[in-house]
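Taking it in order: structure first as structure tokens, then the write-up.
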Amino acid sequence: MISDGLAGEERDHFDWPLFIGTVLIGVLGVINLYSATSVYSGARAELYISQVYWLFVGGIIGGVLVAIDYRHLERLGYILYTFGVFSLALVFVLAKDVRGSARWIEFGAFRFQPSEFMKIFLVIALAKFLHDDPRNEGRTLRDLAIPAALTAVPALLVLKQPDLGTASILTFVFLTIAALTKLRWKSIVLFLGTVIASMPIIWTYVLLPYQKDRVRVFLNPEGDLLRRGWHAYNSRVAIGDGGLFGSGYLKGTQNQFLFLPDQYTDFPFPVFAEEWGFIGSVTLVLIYAFLSLWGIRIASQAKDRFGAVLGIGCSAILFWHALINMGMTSGIFPVVGVTLPLFSYGGSSVCTVMIALSLLMSVSVRRYSGVPSMDRL
Numbered sequence: 001m002i003s004d005g006l007a008g009e010e011r012d013h014f015d016w017p018l019f020i021g022t023v024l025i026g027v028l029g030v031i032n033l034y035s036a037t038s039v040y041s042g043a044r045a046e047l048y049i050s051q052v053y054w055l056f057v058g059g060i061i062g063g064v065l066v067a068i069d070y071r072h073l074e075r076l077g078y079i080l081y082t083f084g085v086f087s088l089a090l091v092f093v094l095a096k097d098v099r100g101s102a103r104w105i106e107f108g109a110f111r112f113q114p115s116e117f118m119k120i121f122l123v124i125a126l127a128k129f130l131h132d133d134p135r136n137e138g139r140t141l142r143d144l145a146i147p148a149a150l151t152a153v154p155a156l157l158v159l160k161q162p163d164l165g166t167a168s169i170l171t172f173v174f175l176t177i178a179a180l181t182k183l184r185w186k187s188i189v190l191f192l193g194t195v196i197a198s199m200p201i202i203w204t205y206v207l208l209p210y211q212k213d214r215v216r217v218f219l220n221p222e223g224d225l226l227r228r229g230w231h232a233y234n235s236r237v238a239i240g241d242g243g244l245f246g247s248g249y250l251k252g253t254q255n256q257f258l259f260l261p262d263q264y265t266d267f268p269f270p271v272f273a274e275e276w277g278f279i280g281s282v283t284l285v286l287i288y289a290f291l292s293l294w295g296i297r298i299a300s301q302a303k304d305r306f307g308a309v310l311g312i313g314c315s316a317i318l319f320w321h322a323l324i325n326m327g328m329t330s331g332i333f334p335v336v337g338v339t340l341p342l343f344s345y346g347g348s349s350v351c352t353v354m355i356a357l358s359l360l361m362s363v364s365v366r367r368y369s370g371v372p373s374m375d376r377l
């Protein structure tokens with residue numbers, strides 16, 4: 001019997017560290033967004049107000065998800081997945097082209113990005129599959145053929161939009177779940193070898209010209225600073241200008257003089273790093289690291305396999321978003337369109353992250369009513 005709402009024992013085990021970490025990221029994100037848009041006038045100057053609104057909406061959705069036992073989602077796993085894939089296909093029919101990409105479906109003044117919510121739907125579908133799979137021994141690549149196919153379908157649709165960043169997130173989430181659910185090490189090595197061997201094919205037939213340009217800029221940052229390398233270069237300059245303690249709130253020159261591109265969507269981290277310095281940047285990294293590791297801890301204590309995989313997947317969404325975004329803005333990775341959780345502006349992005357964190361909370365508050373399941377993964 002699955003009950004809704006929080007029982008007394010579950011309320012007693014409310015996950016305060018997860019809640020406080022989420023609030024910290026949300027508050028810091030709004031403060032940073034205000035700074036990132038303070039140089040603008042008109043609608044863009046008030047984006048931080050919209051961000052607060054979406055945090056509020058995400059909080060309401062999250063509260064409902066925490067109150068409802070997460071095991072209800074197990075029955076809806078493939079239904080939600082099918083809806084997500086259908087929404088991705090609908091993008092090619094209804095979406096308008098924005099800066100060379102078609103990613104948003106619009107209904108009047110309302111628009112949403114299906115690929116964001118597909119991350120959650122994919123995690124739920126993978127959790128259902130592994131929950132229904134009774135095997136306890138180490139899995140091979142053949143055993144993960146169906147989960148791989150479940151991942152490949154939305155990843156390829158997203159790549160077609162084109163959105164390499166989100167396609168990468170979907171892939172990395174699957175790989176994280178596979179690695180933490182007793183995938184044999186020989187299979188991991190074989191898979192990595194296959195990926196490396198297929199790099200020439202990916203470069204020739206998969207990557208678009210502008211995506212290849214980003215890789216070239218990453219490999220040779222000084223080669224074309226005034227054109228293709230402009231974004232990455234000014235991002236690194238902003239981070240370097242922050243020094244140890246930062247230039248001060250609202251005093252970052254790279255942001256205030258509009259040298260930073262997309263500073264409220266893809267590049268909020270350089271804004272934060274320039275104003276708060278190395279100390280502030282490390283603090284932010286540690287908060288993201290804590291939330292990601294805390295999520296894995298929640299997964300390790302989940303009372304069933306579905307909750308464990310759900311926890312791993314939601315933690316992976318947060319981890320890979322933070323790692324790739326901060327990595328690309330600091331020159332560690334090539335630039336791709338990956339948002340920084342609760343820092344980047346966007347309703348779909350904010351709601352997706354809030355849903356992921358809320359599902360972690362739902363698993364966490366119910367983890368004491370059963371037996372830890374990681375040993376059964």
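Numbered by the UniProt record's numbering, the letters in the sequence shown go through residues 1 to 377 in order.
Quick reminder that beta carbons are idealized off the backbone N, C-alpha and C, glycines included.
Whether residue i touches residue j by CB criterion (8 Å)
i      : j      : result
Val336 : Leu164 : yes
Phe112 : Tyr81  : no
Lys119 : Ile169 : yes
Ala238 : Ala273 : yes
Met361 : Val66  : yes
Pro334 : Val215 : yes
Val85  : Leu157 : yes
Met326 : Ile61  : no
Gly338 : Ile317 : It should be noted that the sequence gives Val, not Gly, for residue 338. For Val338 and Ile317, no; Cβs fall outside 8 Å.
Thr181 : Leu219 : no
Leu291 : Gly26  : no
Anticipated Cβ contact below 8 Å, residue i with residue j, distance rounded
i      : j      : result
Gly252 : Phe278 : In fact, because the Cβ distance is near 14 Å, the residues do not count as touching under 8 Å.
Phe245 : Thr329 : Not really, about 20 Å apart at Cβ, beyond 8 Å.
Phe271 : Ser35  : At residue 271 the sequence reads Val, which differs from the Phe that was named. With 8 Å as the limit, Val271 and Ser35 qualify as a contact, their Cβ atoms being about 6 Å apart.
Gly313 : Ala127 : 6 Å
Phe306 : Arg135 : About 15 Å separates the two Cβ atoms, so there is no contact after all.
Ser348 : Glu116 : 4 Å
Val309 : Ile177 : 6 Å
Val52  : Val30  : 6 Å
Cα-Cα separation between residue i and residue j, rounded to whole angstroms
i      : j      : result
Ser41  : Trp104 : 25 Å
Gly331 : Val39  : 25 Å
Phe343 : Leu28  : 7 Å
Ser235 : Leu183 : 38 Å
Trp320 : Val173 : 8 Å
Thr166 : Gly248 : 33 Å
Val23  : Leu357 : 11 Å
Ala302 : Gly311 : 8 Å
Leu175 : Asp15  : 27 Å
Ala149 : Gln256 : 46 Å
Gly295 : Pro17  : 10 Å
Phe107 : Lys96  : 12 Å
Thr140 : Ala155 : 22 Å
Arg75  : Asp69  : 12 Å
Thr171 : Cys351 : 21 Å
Phe269 : Leu340 : 8 Å
Thr265 : Pro209 : 23 Å
Asp262 : Arg44  : 12 Å
Ser373 : Tyr48  : Since pLDDT at Ser373 reaches only 43, below the 50 mark, its modelled position is unreliable, and the value read off the structure follows with that caveat. Looking at the two C-alpha atoms, the distance is approximately 41 Å.
Ile79  : Leu73  : 10 Å
Phe19  : Lys212 : 40 Å
Arg367 : Val282 : 31 Å
Gln91  : Gln161 : The amino acid at residue 91 is misidentified as Gln; the sequence shows Val. When rounded, the distance between both Cα atoms is 8 Å.
Val195 : Gly138 : 21 Å
Asp304 : Ala125 : 15 Å
Pro147 : Ala289 : 27 Å
Ile298 : Ala322 : 19 Å
Ala221 : Gly229 : The sequence shown places Pro at residue 221, rather than the Ala named in the question. Distance between the alpha carbons of Pro221 and Gly229 is about 6 Å.
Val33  : Leu225 : It should be noted that the sequence gives Leu, not Val, for residue 33. If you take the alpha carbons of Leu33 and Leu225, they lie about 26 Å apart.
Residue(s) in a DSSP beta bridge with residue i
i      : result
Ile105 : Phe112
Arg139 : Leu183
Alpha helix (DSSP H) segment containing residue i, residue limits
i           : result
Asn32       : 16-37
Ala43       : No alpha helix (DSSP H) holds Ala43; DSSP gives it neither H nor E.
Leu144      : Per DSSP, Leu144 belongs to no alpha helix (DSSP H) and is neither H nor E.
Asp266      : That residue, Asp266, is in no alpha helix (DSSP H); it is neither H nor E in DSSP.
Asp213      : 209-219
Val237      : 230-241
Glu222      : It is not in any alpha helix (DSSP H) - Glu222 carries neither H nor E in the DSSP assignment.
Trp320      : 305-329
Ala89       : 72-94
residue 406 : Any answer about residue 406 is impossible in this case: the structure gives the chain only from 1 up to 377.
Gln256      : 253-256
Cβ of residue i within 8 Å of any chain C Cβ
i      : result
Ile317 : Note that chain C does not occur in the displayed structure, where there is just one protein chain.
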